[in-house]
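Here the structure comes first, spelled out in structure tokens, and everything after it is commentary.
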Amino acid sequence: MSHLFSPYTLRGITFPNRIAVPPMCTYSAEDGMANDWHLAHLGSRASGGAGLIITEATAVTPIGRISPNDLGLWSDEQITPIARVVRFIHQQGSVAGVQLAHAGRKGATWVPGNGSGSIPIDQGGWPVVGPSALSFGPGYDTPSALDETGIQQVIADFSASAQRALTAGYRLMEVHAAHGYLLHQFLSPLSNQRTDAYGGSFENRTRLTREVVAAVRQVWPQDLPLFVRLSATDWVEGGWSLEETIALAKILRGEGVDLIDTSSGGLLPNANMVLGPGYQTGFANRVRNEAGIATGAVGLITAAAQADHIIRTQQADLVLVGREILRDPYWPLHAAQALGQAAAWPSPYLRAAPSGSVPRNRCGQ
Ligand SMILES: Cc1cc2nc3c(=O)[nH]c(=O)nc-3n(C[C@H](O)[C@H](O)[C@H](O)COP(=O)(O)O)c2cc1C
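The sequence shown maps to residues 127 to 491 in this note's numbering.
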């Protein structure tokens, strides 16, 4: 058996294979509410055979949205529409996870294709917040620095949204602390110039992430997995580093986090990222082996043999395949064929499947 198609268990959840769809914004929600688009888009990735689907960055408060069309879980009204999508994902035998996020100073930006940078308030934008009054870059609004009350509100918003995610039926939670969004803004000394208990030392800069994770773990049941997405490096001299990522991963392991979804970058627009096939896999490998915690590898993983190799050589426990699964929702089924692996196909499609395929065990039916 290929390693890519071996099942994997974390707490009370068994993923049918090691292929995950990473969170990817689709800029298609109104007032944070899921609709038919989300059902068709995420549903087809689930019927395509990914073992885990993490839905796009889901805002914990309206001002924490990246764009006006992000999903949200800041209100009870948002539970029913996303619950329908979650139910369908589970019916396909996949696990539905949610990424809870707060965009901080990178909030209120145009949907790609409509413009770049911050949306003016009179055109539907909103005032943004951050650790310090430092903008992401030219064309982006300067945030107001959160005070102690504002910080406590962020923690409470993550906790309340986690509770709503549970009610919606999600079986996995990911806290977004990467890509230059609010929690990452606190982690990096380049965006966090606070002089209080949330800035300065490593302990202080990591405090908000640790407090959010602790609050979420309290409401997220012990038998369900909790991931944290971290940017392993800012790719900028003097920024958040791989060594700090490993140190934080060790601490998070002790806080009940099960897996670090290991990404990078996003803090500053001018970072010198070195892109190429599997360019972040080395980070996942270092975190896994030096912090002693499971990892997900992500970033330009496009080929079946490449993905299988990452799992086989124990560089990561899951692979997250993003843009390649946007191009081909049936990537997992095609990967199985490439690896000579009998795959579980949706039973209505069995007549189109290669010989040896088996009908997928659809849970929830
Ligand atoms: C359209 C699009 C939207 C994305 N939205 C998110 C997001 O909501 N949250 C997140 O953590 N990463 C987001 N990402 C990053 C992906 O999760 C992934 O880390 C990245 O695309 C690299 O993987 P890939 O090379 O397989 O695409 C997005 C990427 C794309 C292409």
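Don't be surprised by glycine CBs; every beta carbon is placed ideally from N, CA and C.
The alpha-carbon of Arg231 is positioned some 46 angstroms away from that of Met127. For Ser170, there is no enclosing beta strand (DSSP E); the enclosing alpha helix (DSSP H) covers residues 162-173.
By the neighbour-count criterion, in which a residue is buried when 16 or more other Cβ atoms sit within 10 angstroms of its Cβ, Trp346 is buried. Around the beta carbon of Asp248, fewer than 16 other beta carbons sit within 10 angstroms, so the residue counts as exposed. With at least 16 other beta carbons inside 10 angstroms of its own, Trp236 counts as buried. The Cβ atoms of Ile179 and Ala172 lie closer than 9 angstroms to each other. Relative to ligand 1, even the nearest heavy atom lies 8 angstroms or more away from the CB of Ser244. Of Ser287, Val255, Leu394, the smallest CA-CA separation from Thr275 is found for Val255. Between Ile386 and Thr407 a beta carbon distance of about 13 angstroms is seen, past the 8 angstroms cut, so the two are scored as non-contacting. A distance of 9 angstroms or more separates the beta carbons of Gly233 and His305.
Within the stretch 436-484, the runs of beta strand (DSSP E) at least 3 residues long that lie entirely inside it are, in chain order, 444-446. Ligand 1 approaches Met150 closely enough that one of its heavy atoms is under 8 angstroms from the residue's Cβ.
By the criterion of a C-beta distance shorter than 6 angstroms, Ala271 is surrounded in its chain by Ser258, Ala259, once the five residues flanking it on both sides are discounted.
Ranking His228, Val212, Val445, Val400 by CA distance to the CA of Gly295 puts Val212 first.
Considering only Gly177, Leu168, Phe409, the residue with the shortest C-alpha distance to Thr140 is Gly177. Between the C-alpha atoms of Ile372 and Val342 there is a straight-line separation of about 21 angstroms.
Taking each of Leu401, Gln279, His167, Gln319 in turn and checking the Cα distance to Asp454, the smallest one comes out for His167. Residue burial is scored here from C-beta neighbours: Asp202 has fewer than 16 other C-beta atoms within 10 angstroms and is therefore classed as exposed. At a threshold of 8 angstroms, Ser389 counts as near ligand 1, since its beta carbon sits closer than that to one of the ligand's heavy atoms. 9 angstroms or more divides the Cβ of Leu197 from the Cβ of Ile205. No Cβ-Cβ contact shorter than 9 angstroms links Thr428 with Ala410.
Annotation note: the stretch 167-238 contains the following uninterrupted beta strand (DSSP E) runs of length 3 or greater, listed N- to C-terminal: 178-185, 221-227. For Glu363, no alpha helix (DSSP H) run applies, since DSSP gives it neither H nor E. Going by beta carbons, Leu393 and Gln311 fall inside the 9 angstroms limit. Taken atom to atom, the span from the alpha-carbon of Gln432 to that of Ile281 is near 38 angstroms. Minimum Cα-Cα distance from Gly382 among the listed residues Gly402, Leu452, Asp349 corresponds to Asp349. For the pair Asp443 and Arg137, the CB atoms are not nearer than the 9 angstroms cut-off. Assignment of beta-bridge partners to Ser270 by DSSP yields Val255. The beta carbon of Gln225 sits closer than 8 angstroms to at least one heavy atom of ligand 1. Among the bridge pairs identified by DSSP, Arg355 is matched with His302, Asp387.
Cβ-Cβ separation between Val301 and Val362: approximately 23 angstroms, too far for a contact (criterion under 8 angstroms). Residue environment analysis places Thr359 among the buried positions, since at least 16 neighbouring C-beta atoms fall within 10 angstroms of its C-beta. Under the three-state reduction of DSSP, Val413 is assigned to helix. Excluding residues up to 5 positions away in sequence, Leu459, Ala479, Ser483, Pro485, Arg486 lie with their Cβ nearer than 7 angstroms to the Cβ of Trp471 in the same chain. Closest by C-alpha distance to Pro474, out of Asp162, Gln218, Thr152, is Gln218.
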